[in-house]
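Everything on this sheet refers to the single structure shown next.
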Amino acid sequence: MNILIFLVPAALLLGLLGLAAFLWSLRSGQYDDLEGAAERILYDDDKPDNDGPDDDERRS
Amino acid sequence: MNEAATAQERPGIDPDLFVRRTEEGLARLDLVVAGMHCAGCLRKVEGALKNLGGVEYARANLSTKRVAVRWDPARLKASAVIRALADTGFTAVPFDPKLIGTLDDRESRSLLKALGVAGFAAANVMLVSVSVWSGLVSDMDETTRSFFHWVSALIALPAIAYAGQPFFRSALRALRAKSMNMDVPIALAVILATTMSLVQTMVNARHVYFDASVTLLFFLLIGRYLDVQARARACSAAENLLGLRATAATLIAPDGTHKSIAVENLEPGMKVLVVAGARIPADGEIVTGTSEIDTSLVTGESVPEQVKAGASVFAGTLNLGAPLVIRVTKRDDDSLLAEIVRLMETAEQGRARYVRIADRAARIYSPAVHIMALATLLLWFALGAPWETSLTYAISVLIITCPCALGLAVPVVQVVATGRLLRQGVLVKAADGLERLAQADTIVFDKTGTLTLGRPRLVNGEEIARAELALGAAIAAASRHPLALALAAHGQALPHPLLDDIREEPGMGLEARLGGETIRLGNAGYAGANTAHEQGHGGSELWLRRGSDAPVRFRFEDTPRPDAKDAIAALKARGFAIELLSGDREPAVKRLADELGIAAWRAAARPAAKIARLEELAAEGRKVAMIGDGLNDAPALRAAHVSLSPADAADVSQTAADFIFQGARLAPIVEAVDVARKSRRLVFENFGLALAYNAVAVPLAVAGFVTPLVAAIAMSSSSITVTLNSLRLNLAQRRALSREAS
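Protein chains in written order, with the numbering used here: chain X, 5 to 64; chain W, 3 to 744.
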């Protein structure tokens, strides 16, 4: 049963990592616009910046 | 109100008023872009903004229909941002996020954080608990079990202290006010279960209930978060509606220059210019100008009122005729608005007496549960059990009866119902609005703007000769006055004679020349009509005189909403008593009541008279749903048991109402009533389900058979059953929709 000395902390650590990731995503505003996020994924321009090439330009 | 009028309401609102500075020295502006519905719109809006030189950041939020922009103020002006959006076909309206509730946002965020913590704790404690449960029937030794219990305690204690706060605080608040709510038994069960488990861990006992405490909090937080989220969504939609109509006033500075200023910043003594077609921004007195004012939003009166210099005008009324210069006056006199505000304050006190279904259930439930736990303790003690065992059994009764399913019973239904209504264009603003609407048995309607569209229509077109109709329409086409617009629309298909020298006499009418004759279209005096024997029509009218001929009268009436008659019939079929309570004149009210089949009606009712009638109905034991739009309805909307208001209602009324429905039709009201009644039934079903679970579990707990495993199974399964049952509300609608489609 000595293995538990490692396993339990390991399980807790992983859980805490998940919690930290959740709190980080919450803080960085990823839950502010759930509908928008669902729609944004439909566009495959991964550089939506102003100087990025348009879809058409990239294709040609 | 038609689109033209709405568009005119904002004569060049100045976005600079809403620009704020960020810490990095950038300008920041928040906009409502109502037309944004899909990914394409999102991309166009953000693309248009980012293509502007100087824009550092542009992010559109599709859920709230709001856009945040930050840019370098040295390179760009705020008006250019709005123009860029207008060029892509989106109307953007600036708003101040400070004025619009950021409070709800913070609440839902802290709930989400608590939810995350509770979820983490529930998962990890469960991981340990399942090992302990299986260890009970296999070969786990005492040391390992004790170690696991300490691990559970280590996770659960801080998690409960953090995630339980919303419940502890609410329970404390209720107890301080010497009342009961669902959070009292919840908080008590969680605290007792945790304390007992801690003691059990210390004495190295077999059973601990940390898992029950944290999963309970986890489930309840889900319900609470969904509830807050659904309401925040409806409220932000309602705020957008108000924000869209935010007006700026045109201030006339002492040196004669014009400046745009936010309405909130107007002060008594300032002079403002109100162009034709704009709403009057504040109560005031006319300095110069003669015009007609549409007061329907304020008084319910459908006939425009003539005003000239010296007359007092009210905020919210619409200037129809000519530009007016107004000096802003204070509101503390005995003006109509002051009366309305006073009436609203008194009316609100009645509303606060309503107790929500869940809290009413808690008032019976909590004492019952606590007495049962106490009885268990005494019973086992009397039977000779050691006091530790008796206490353990008593606490397990508390844990098993902890109203997890009861706590979910109302919010889940609420969320599903609010979401369903939102898709139909009904915004549920009040948390307990649906419950109160389900109780209503009488509906009181306002007339102008509620049953009608507040848009005039020519009614005696058949009595008038075609040539005169064509002439009237031709001259009316030159004006933006609502009666003229209605006349022009009616005669659109007729061949128009060619007119010369058309000019508008503000507040009087129009004059033009045809051949050598003078044509006049306007009020009776202007057209030279003798109206002494023509009283009692009650609607609005225009007169047309050609040269020296006898004047012809055009009569106008307000248009009822397209489905008003069907909606009234549908509401009657659902057992509602319908009443019409209008501030308009008797003949107009009577005609509409007859047309729509409403037997009970009252005309010329002032705000106080409306409240008096509502109180009369309440005294008869009726639960009244008030539906109105005007400023004069606002006190009645507050006084009624529940209230609805159309999306183009006065700001005050929209704020006062529990529901807001969008669009020109009344059908959403019927839908709201149906959903409210169905929700109420589902809530009671949920209570029944939760109680059924308790009926099975409580005897087990009293008898001392409830182990942590039984508690976990009973609580999770009852919560899931209740949630699934609530989702049926959506299922019924899907089926109805697919039936319609097929």
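For each residue, glycine too, the CB sits at the ideal point set by N, CA and C. Nothing here was measured: the structure is a model prediction, and the numbers come from that model.
CA-CA distance, Gly121(W) to Pro96(W), rounds to 39 Å. For Ala15(X), a Cβ of chain W is located within less than 8 Å of the residue's own Cβ. Using a Cβ-Cβ cut-off of 8 Å, Leu64(W) counts as an interface residue toward chain X, since at least one Cβ of chain X sits closer than that to its own.
Between the alpha carbons of Met272(W) and Ala313(W) lies a distance of about 16 Å. Annotation: Leu11(X) has no Cβ neighbours in chain W at a cutoff of 8 Å; minimum Cβ distance is about 10 Å. Under the three-state reduction of DSSP, Gln202(W) is assigned to helix. Inside the region 151-202 of chain W, DSSP marks no whole beta strand (DSSP E) run of 3 or more residues. Taking Val132(W) as the centre and dropping the five residues before and after it, the same chain places no C-beta closer than 8 Å to its C-beta. The three-state secondary structure of Asp502(W), taken from DSSP, is strand. Chain-ordered, the chain X residues with CB closer than 7 Å to the CB of Lys115(W) read Leu27, Leu30. Using a CB distance cut-off of 8 Å, Ala125(W) counts as an interface residue toward chain X.
For Trp603(W), the pairing in a beta bridge is given by DSSP as Leu582(W). For Gly632(W) and Gly518(W), the gap between their C-alpha atoms comes out near 46 Å. Pairing Ala155(W) with Phe92(W) gives a Cβ-Cβ distance that is not under 8 Å.
Within 10 angstroms of the beta-carbon of Phe20(W) lie 16 or more other beta-carbons, which makes it buried. Sequence-distant Cβ neighbours of Val685(W) in its own chain, meaning closer than 7 Å and more than five residues away, are Ile359, Ala411, Val412, Val415. Taking CB atoms only, Ala41(W) has a neighbour in chain X less than 8 Å away. Around His492(W), the same chain offers Arg459, Leu460, Gly463, Leu471, Ala475 as residues with beta carbons nearer than 8 Å, after the five sequence neighbours per side are excluded. Put simply, the region 416-431 of chain W does not touch the region 595-609 of chain W. Fewer than three CB pairs are less than 8 Å apart. Separation of Leu381(W) and Leu138(W) (C-alpha to C-alpha, rounded to the nearest whole angstrom) is 28 Å. Note that the C-beta distance between Arg555(W) and Thr454(W) is not below 8 Å. Contact annotation for Phe122(W) against chain X: Gly19, Leu20, Gly22, Leu23, Phe26 [CB-CB distance below 9 Å, chain order]. Just measuring C-alpha positions, the residue of Arg31(X), Glu43(X), Ile9(X) sitting nearest Gly118(W) is Arg31(X). Residue burial annotation: Trp73(W) is buried, with at least 16 other C-beta atoms found within 10 angstroms of its C-beta. Secondary structure at Gly33(X): coil, using DSSP grouped into helix, strand and coil.
Bounds of the beta strand (DSSP E) holding Glu58(W) are 57-63.
Look at Ile466(W) here: in three-state DSSP terms it is coil, with no helix or strand label. For Gly118(W), the C-beta contacts it makes with chain X under 8 Å involve Leu23, Phe26, Leu27, Leu30, in order along the chain. Chain X has no Cβ within less than 8 Å of the Cβ of Leu28(W).
In the three-state reduction of the DSSP assignment, Arg682(W) falls in the helix class. Leu516(W) and Ala469(W) have their C-alpha atoms roughly 13 Å apart. DSSP, read as helix, strand or coil, puts Leu78(W) in coil. Apart from sequence neighbours up to five positions away, the residues of its chain that approach Tyr528(W) with a beta-carbon distance below 8 Å are Glu507, Met510, Gly511, Arg522, Trp545, ordered along the chain. Contact holds between the region 179-194 of chain W and the region 397-409 of chain W, because three or more Cβ pairs, one in each stretch, are under 8 Å apart.
Taking every protein chain shown into account, the CB of Pro270(W) has fewer than 16 other CB atoms within 10 angstroms, so this residue is exposed.
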